[in-house]
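By our numbering, the letter at position 46 of the sequence shown is numbered 480, and the numbering carries on one by one without gaps.
Glycine included, C-beta positions come from ideal geometry on N, C-alpha and C.
Note that the structure is predicted; figures quoted are calculated from it, not measured.
Contents: one structure, followed by commentary.
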Amino acid sequence: MTDQPILTQLEVGYRILTLNRPDKLNAFNDAMHEALRSAIDEAEADLTCRALMITGAGRGFCAGQDLSDRVVKPGEAPVPRNSLEKHYNPLVRRLRALPFPVIAAVNGVAAGAGCNIALACDIVIASTSAKFIQSFARIGLVPDSGGSWFLPRLVGDARARGLALLAQDLSAEKAASWGLIWRCVADDALIYEARRICEHFSIAPTQGLALIKRALNASAGNTLDAQLDLERDLQREAGMNPDYAEGVRAFMEKRKPKFRGRQ
Ligand code: T3D
């Protein structure tokens, strides 16, 4: 196994990025942030890439910030410096804005920023043995990487407060039943199921999916009126795209559509 912090697998129509610091449950250090940024840049620049899967090497998905980089002498404060502004916030914004779906295949524990980076992905599928932990309160921190935004929207205020303030483990099964994630599957089925989702997206109307992401990203901050206006504008854009005409023709001709992808 290589010691590169991010592994990239090229598949037909999609890519798999593996967080690869298994000895530390794939906790983030600066090198892993930088490698992930480059891997995402490459995926976006490759117009044949129509979906991205993110998973973890070994028994964890991601344990958030590598705390061994935050050890200080007694009396000093491990001030987070600019890690949110420099790394975590751009990453979350990037995942939401990518013009194709991002699938988190959560293979094990997802803690701290590792949990919230998974939640920032468009589809979160987890194995039965995975767990989700807002571990920040265990060490005196605040949910970051969008956690305080995602949690109440996904599971409601009461559960968001319980998760953030108590910082207890949440099993993947409960996460699915609460609506925090899309699906929970058997451990040995995780990558197979995540690949099936990527394969679905690899022939889907990608440009339309990018507009769906834009609509959903905007909806939490919009009034109904503003959202109706946005839907009108996005629908006009989608309607002008040849994929719409192809979708209609394929439906009428009772055949599978052949969408154009990102070209
Ligand atoms: O400062 C800033 O930049 C602010 C930004 C913060 C963003 C954040 O993400 S803050 C939250 C940081 N993460 C955590 O607090 C989670 C820490 N980890 C844990 O609580 C536990 O490891 C888990 C609950 C995730 C898993 O527990 P368990 O029992 O399955 O595994 P373990 O034995 O604790 O961990 C296995 C190894 O990974 C272990 O190393 P060892 O003893 O085998 O050499 C452990 O130290 C290491 N590890 C796990 N998480 C981290 C880590 N090493 C460094 N940083 C970690 N976050």
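Residue i beta carbon near the ligand T3D (any heavy atom closer than 7 Å)
| i | result |
| --- | --- |
| GLN499 | yes |
| GLY580 | no |
| ARG504 | yes |
| SER561 | no |
| PHE570 | yes |
| VAL526 | no |
| SER517 | yes |
| PRO512 | yes |
| ALA592 | no |
| GLY673 | no |
| LEU545 | Here residue 545 turns out to be Ala, not Leu, going by the sequence shown. Yes, the Cβ of ALA545 comes within 7 Å of a heavy atom of the ligand T3D. |
Three-state secondary structure assigned by DSSP to residue i
| i | result |
| --- | --- |
| ARG484 | coil |
| GLN568 | coil |
| GLU510 | coil |
| GLY580 | coil |
Residue i classed as buried or exposed, judged by whether at least 16 other C-beta atoms fall within 10 angstroms
| i | result |
| --- | --- |
| ARG630 | exposed |
| ASP622 | exposed |
| ALA516 | This sequence places Asn at residue 516; Ala is not what is there. Exposed, by the Cβ-count rule. |
| PRO676 | exposed |
| TYR522 | buried |
| HIS634 | exposed |
Beta-carbon gap between residue i and residue j smaller than 8 Å
| i | j | result |
| --- | --- | --- |
| ILE551 | SER579 | yes |
| ARG449 | ALA477 | yes |
| ALA598 | ALA571 | yes |
| ALA537 | CYS549 | Sequence inspection shows Ile at residue 537; the Ala mentioned does not correspond to that position. The answer is no: Cβ separation not under 8 Å. |
| LEU662 | ARG648 | no |
Within-8 Å CB hit, residue i to chain D
| i | result |
| --- | --- |
| LEU451 | Of the protein chains in the structure, only one exists, and it is not chain D. |
Residues near residue i by beta carbon distance below 6 Å, same chain, minus five either side
| i | result |
| --- | --- |
| PRO456 | ALA491, GLY492 |
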